[in-house]
Structures are given as C-alpha cells and as structure tokens.
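Residue numbers (my numbering), protein chains in the order written: chain A, 7 to 545; chain B, 913 to 1195. Read the structure below first, then the notes.
Next up, the structure:
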C-alpha cells in the first residue's frame, strides 16, 4: 500500500492553519474564563463554573466530581451534573485503572475497548502538590471527543480549577483562623484595640467598643481620632506616645465615658506590635474595666465590716446582759430585802440596760428588714414637736450632766409619718449628741417650718467628727475610728437606719462637723410626702 | 573540511535523511490541535510493523498501565498524543539508524543505550523541576545526539576520522568534530530535525544541548538535556562516542539547582528506570 505524505495535501494544510487560528481564539477565551475561575473564592461557585466549562468542551451526559477528603483520607463525591447515570455510580474508584489515571494526571477513558453506548472518562484535578480530585464523566461513545485539543483544553481547565480549589482551601483556612482569632479576642474579658502606625484601628473587640461607647465595631481602617470621644483620644494619644518610646506601657487607670451619664474607670496597658524582623507595625492596647474590681474591693471591705460588726454586736449585747445579771444577782443575794432604796437604784440600772438591749435588737431587726426590702411605714398624723419633746424628756431622765435646749419656733404643723420611726430618728440623733459629748454640755434642738417642710437642727459641742469619716457616717456598720470614741458603745447601725427612715419619708439628713468643735445635724421632713402605695401598708 | 562547505554538506544531509512517511504524517497530524485520536491511529495503522511495536512499547513497564492496551486508538487516549507521537518518532528514527550487527567504528549499540538513558534522565529531571509534560522530556534526551548518528550514516568516512581522532587524542567527540569537520553533531542534528518538521522545542534542544543559554526561551529544557547527558556519562550509561565527560555549563547547573543528596537519589532512580526500559531496545 502506498502511503502518501499528508504535508503535500494543500487541503490538510489549509485545515490545519484554520484550526490553529480557531485554537488561538479558544485559548484567549479560556484565559478569560480561567481568570474568572482563579479569582473566585467560593467553593460552589468554582465547582459550578468548572463543570460548566468541561460540559462546554466535551458535552458530557453525566458527571460526578470527587474530591479528596483530607480528614477521612478518601475520595468524596461532592457534586453531580447532568442526568443520573447508573453506569457512573457503578465505577469502582479504587480500581487500578482509576489509580493509574490519577497518577498520570491526564484525562483518560476508562473503557475504550468496550463498545458501549457511553464512554466513561476521568479528568484528574492535579494541584501544585497533589491530586485533589477527579471528574468522572459519561459521554456518547460515537462522539469523537478524544481530540488533541480537547485533551489540552481539559487539562488546562482542570489545572485552573485545581488552583482555584487550592486557593479556596487556603482562603477558607485563612478565614477560619481569622474567625478563630476574632473569637479569642471577643472571649477575652478585657477590651482589645490594635492600631497601625498611621493610627488606624486594625482590630477592636466588643468589650473595647462598649468601654469606648462606640456604636459599632465597624471602624476598622478608620483613624481612632475620628471615632473615639475626646477624653479617650487624649488617653490613647498619651499611651501611644509612651509606647512608641518604650515599646510598652504598664497599666494606668483613666476615666472613660461610654455614655454621657456613665463614667467607668479603665486601666490601659499597651505594647508595640512588631514583625519578626523587628519593624514596628502597630500598637495593641488592653483596656480593663476597673468598676468590677472596685466593686470587689467594696464587697471585701463590707465583709470585713460585717466580721467587725459581729464581734462588736456580741460585745455590745454582752455588756448590758452582764450588767443586768450582776445587778439582779446583787438584789437577790446581797441587798437586804428591806433596803428598798438600793433595790430601786439597782432596778433602775437594770431597766436602762434592758432598754439599751431592746434598742439594739430593734436596730438589728430594722437593718435586716431594710436589707430584705421589707421596711414599711405605718403612716399617721404626727405632732413633730411632741415627738422631739418626748425624746428630750427621755434623755434628760438618763443624763444629769447634759443640758438640753429646745427652740421649736411656736407652732409646727403635724406631718404625715410613722410616729415610732420618727421617734427613733430623734432618739438616735440626740442620743449620739449626748454620747459624743462625754464631758457634758449643751445639746440644742431647733425646729422650723418652711415651704411644706419641717427642718430640725440638733447641735452639740462634743468631740465632733473628722472630715473623712463624715462621708461614711451613714454606711452600715461604720463607726468613726477615733480613740476618743473607743469607749463609746454602739453597733454602727443607728445612722444608717436613721437615713433610711428619713429617705422613706422623702426627707433628708445632713451632718456638719469638725473635730473638737461639735456636730450639727440637720433633718428635713416634708409635711405631706407623696408616698407610693407600697410605703403605706405595713405587713 | 572548510567551513564554507558546510552549507553544501548539510543540504546533502537534507536530501538523504528523510523521515519515514508514516512518522512524518503523525507529526503533521499531531501538529494540528484539533486532530483526533482516530486520525492519528489511522495514520499509524498504515504501517503494521510500526503499529505492533508502538503497542509493545505502550504496554511496557515504563508506562505501567494496569491493563493490556490492544489498539492504537486505546494507546493514544491512554498515553496521550505527545507520548504516541514520540514513540512513533523514536521507533522510526531508530529504524533508520539501527545497529546492523556488524562491528563498526562508531558503537551504535552504545549510542542508543546512551540516548535512551538520556531520555529517561531528562524525564526524571523535568519531573524534579515541576515541568508538566515530562513525556516530552524523554524524546528530547533520546534524540539529542541525532547529529552523531546522521554523520555516521551519511558522512561515514569523515566521521570515522572524528572517531579516530577521539581515540588518538582522548578528546571530546565534539572537539574532534570541530577539528575534522568544522561543525559539530549538535548543529547537524538541529538541521535534520528542522527538515523533519519536528517540534520547535525539540529542534532547539538538539541544537543547543551543549550550550543551553543559546536556546533562549528553551534554555531550561536544553539545560535539562545538557545535565542528563553529563550524568549519563558520569555513571557510564551507554556510550557517548568518547571517554570524557564534557564540562558542565555553569548556568545550566544553577538553573537546575541540584544538591548532593538529590543527585545521589537521581543516580539511583536513573539506574532503576534504565533497567525498566530494557524492553525498549531495540526500540
């Protein structure tokens, strides 16, 4: 048989040239598609574009895409395209031919020898490092799809898709690790803010936005001068300046204003962010809300006070008890039954001590009611002048060294109040005046009315109160720590209860004093207070 | 021989050394990107002897396909167009210049052994460099010394002089060629490959396998063959026509960026692959 050299065939050459031109057009189109493919980071997007491109090239009837599952170390079917094809499902993807094709990395048919209706082929997806997956396809056997150009095109499309999938995996990993880091940042109880060298915020967590009072965390890339309020900018400016000089700053406390009516103490520390080569790339600020630690400190102090209180109260309760006991014993055993005078004297002392005990127990009950929110007023018309006079009378009976002067300015109006509790208020305040004027002296009480309020001023010339103690004088269990007062008994609850009673009556109490020159207590009570229904009922 | 005669001499080669028609047709068809496996298979099938040899090679351990390949069409779709074209080319060229059994001055058996080893080594190097179509690298290595066998066939007397000079002076065959002929086998090989319409890359690799930088954009590929040639001589695979190892081109060496360990590994791999490809000879 004579074999003719086809290069002499002008028709063949013409066809080849025209095919080459067609090929160039196709390649430039593919380049555009490939650009689309590798610029995508969405997995499903890449897959559908890839399947679409392959279909355009070889018009498969059915296709199944398998990708390598890194965790399970096996091939996983991720997508199907075209008609359902039982022939595709029947393919054993572990078979040696499939393995050989994947190793060679070329688009190859699985059953070229079998004269079946469909031709099954495999297009491996080979990435930079390894085979990432493959596309199993079924196409009409009578179509001559195995052309050189199809082979080149498919290998090109597959390699682009592999790159896109690899990029997508990296992108997803990046995204995941970023989310993980953000998660860590958000889970930190402190505020974290990072800025770059141009003062733009590069990272900020929700705690920081809350402390800075920012409406949202969406301020990345914006200079902090544009978003933080003026006090915060001033603080950050100062800290930033020191950080740039020293590389870090130790914790310093500043006031921040997340809202106009809220001030929180915030401790800020910072450090310079550096690249491994030492270049500074920004600053990290750690913001710690100190209100919580202040609250803990307050509770700790309260706890200390309570322990002190328990020991105080025990002591205070024991003292009258032992006095009562020893006097009663004396009456029973030592005082002659006929010595009526001594008996009376002793019984008077017992009576006083019993009063003291009773007062203390009332105080304790009151404070526990106040704490439990069950402190109610039993309201009635009260003649305030009568109440004050009865207190003065009571105290005069107990103290012989003190002089009481009252100036009740003629007629005071009756007020709506809880008589017993108002009595307690004046008893407590006047008793204090007596107690803290140990050498005797004048206790003056004046009362006047103006604008529907009654103002009473109780003044003494006793030891007075030091300035720092005044602000705590109404705190529960608080007792001014003065050596002079060391021998003066008390639970430290009296004034706290007084203040509470007056506040329940919509009144107020104010103390002016200085050590050595006496104390002046001003009590203001409304004539008609606007009580809510809760205060009226006594349960 | 005077340099001015070169053109005249080489035009004589063009007339004499013509590629078999089937091989020529296969090259032409595969040059058309739209050619189908069926067209290539049809062209090969016109030569029954070639067909059975292609199938034998396709079924060899070198490709390791797990099933028997029984038709050329199957071989094409399984091994790819480039592989098949290269097999056709290798078989046809081997036929043209096969050893004829008689002892000759130029050792053709050693020549083909060296060529095959070079093909294998080029493929291994290409793989190491991450070049995708490594099957092309095989043919670059296999045919890089095409010029030598052409010279031995068509300028037998002149080439005998070259061989004698190599033996007398123990010099490189290329230096002897320059001295006796005024041109070397690389130049001759390049011209013949050009006449046969072989792929441009292959022509460049043959032409510049002793001077890779001159291959310009194909320098990387020429460097692969250049290094493969040297490595094969270093571990004595086949016979390159002399007993010396040519100088390594520094740029080629840098481009391949091989360290001691990977060269050691490469030598082991080369020896294993050469054993695997024994079925190839005679091609």
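Note that beta-carbon positions come from the ideal geometry of N, C-alpha and C, so glycine has one too. None of the values given here were measured: they were computed from a predicted structure.
The C-alpha of residue 87 of chain A lies about 16 Å from the C-alpha of residue 130 of chain A. Residue 343 of chain A and residue 441 of chain A have their C-alpha atoms some 35 Å from each other.
DSSP places residue 432 of chain A within a helical segment (H, G or I) once states are collapsed to three. Against residue 993 of chain B, the close residues of chain A are 154, 157, in the order they occur along the chain (beta-carbon pairs closer than 7 Å). In the DSSP assignment, residue 500 of chain A falls within the unbroken alpha helix (DSSP H) covering 500-510. Residues are counted here when their Cβ sits less than 8 Å from a Cβ of chain A; for the segment 1111-1123 of chain B the count is zero. Rounded to whole angstroms, residue 423 of chain A and residue 498 of chain A show a C-alpha spacing of 25 Å.
With distances taken between CA atoms, residue 433 of chain A lies nearest to A/393 out of A/413, A/46, A/393. Using beta-carbon distances, residue 75 of chain A does not count as an interface residue toward chain B, since no partner is under 7 Å. In the three-state reduction of the DSSP assignment, residue 222 of chain A falls in the coil class, being assigned neither a helical nor a strand state. For the segment 948-974 of chain B, the beta-carbon criterion of a distance under 9 Å to any beta-carbon of chain A is satisfied by 948, 949, 950, 951, 952, 955, 958, 959.
Close partners of residue 9 of chain A in chain B (Cβ separation under 8 Å): 933, 934, 937, 958, 959. With respect to the 7 Å criterion, residue 291 of chain A and residue 207 of chain A are not classified as neighbours on the basis of their beta carbons. For residue 419 of chain A and residue 396 of chain A, the gap between their C-alpha atoms comes out near 17 Å.
Note on geometry: alpha-carbon atoms of residue 287 of chain A and residue 167 of chain A lie some 36 Å from one another. Using a Cβ distance threshold of 7 Å, residue 1118 of chain B and residue 1056 of chain B count as a contacting pair.
Assigned with DSSP and collapsed to three states, residue 1066 of chain B falls in helix. DSSP places residue 265 of chain A inside the beta strand (DSSP E), whose first and last residues are 254-265.
Residues of chain A with a Cβ closer than 7 Å to the Cβ of residue 989 of chain B are, in chain order, 114, 115, 118, 152.
With a minimum length of 3 residues, the unbroken runs of beta strand (DSSP E) contained wholly in the segment 121-149 of chain A fall at 124-132, 137-146.
Put simply, the CB of residue 944 of chain B is near chain A, with a gap under 7 Å to one of its CB atoms.
Taking 8 Å as the cut-off between beta carbons, the residues of the segment 29-63 of chain A near chain B are 29, in sequence order. Around the C-beta of residue 964 of chain B, fewer than 16 other C-beta atoms lie within 10 Å, and the residue is accordingly described as exposed.
Neighbourhood of residue 1050 of chain B in chain A, by CB distance below 7 Å: empty, with the nearest CB roughly 14 Å away.
Residues are counted here when their Cβ sits less than 7 Å from a Cβ of chain B; for the segment 201-213 of chain A the count is zero.
Residue burial is scored here from C-beta neighbours: residue 231 of chain A has fewer than 16 other C-beta atoms within 10 angstroms and is therefore classed as exposed. Counting only runs that start and end inside the segment 971-1046 of chain B, there is no beta strand (DSSP E) element of at least 3 residues.
Beta-bridge annotation (DSSP): residue 1155 of chain B is not paired with any residue. Counting along the chain, residue 197 of chain A sits inside the beta strand (DSSP E) bounded by residues 197-202. For a cut-off of 8 Å, the C-beta gap from residue 359 of chain A to residue 390 of chain A is around 30 Å, too long to register as a contact.
Fewer than three beta-carbon pairs drawn from the segment 1161-1176 of chain B and the segment 1054-1069 of chain B are found closer than 8 Å, and the two stretches are therefore not classed as touching.
When DSSP states are grouped into helix, strand and coil, residue 513 of chain A belongs to the coil group. Shown here for residue 372 of chain A: same chain residues with a beta carbon closer than 6 Å to its own, the five before and five after excluded, namely 503 in chain order. Using a CB distance cut-off of 7 Å, residue 1179 of chain B does not count as an interface residue toward chain A. Following the DSSP letters along the chain, one finds residue 183 of chain A inside the alpha helix (DSSP H) bounded by residues 154-193. For residue 386 of chain A and residue 425 of chain A, the gap between their C-alpha atoms comes out near 7 Å.
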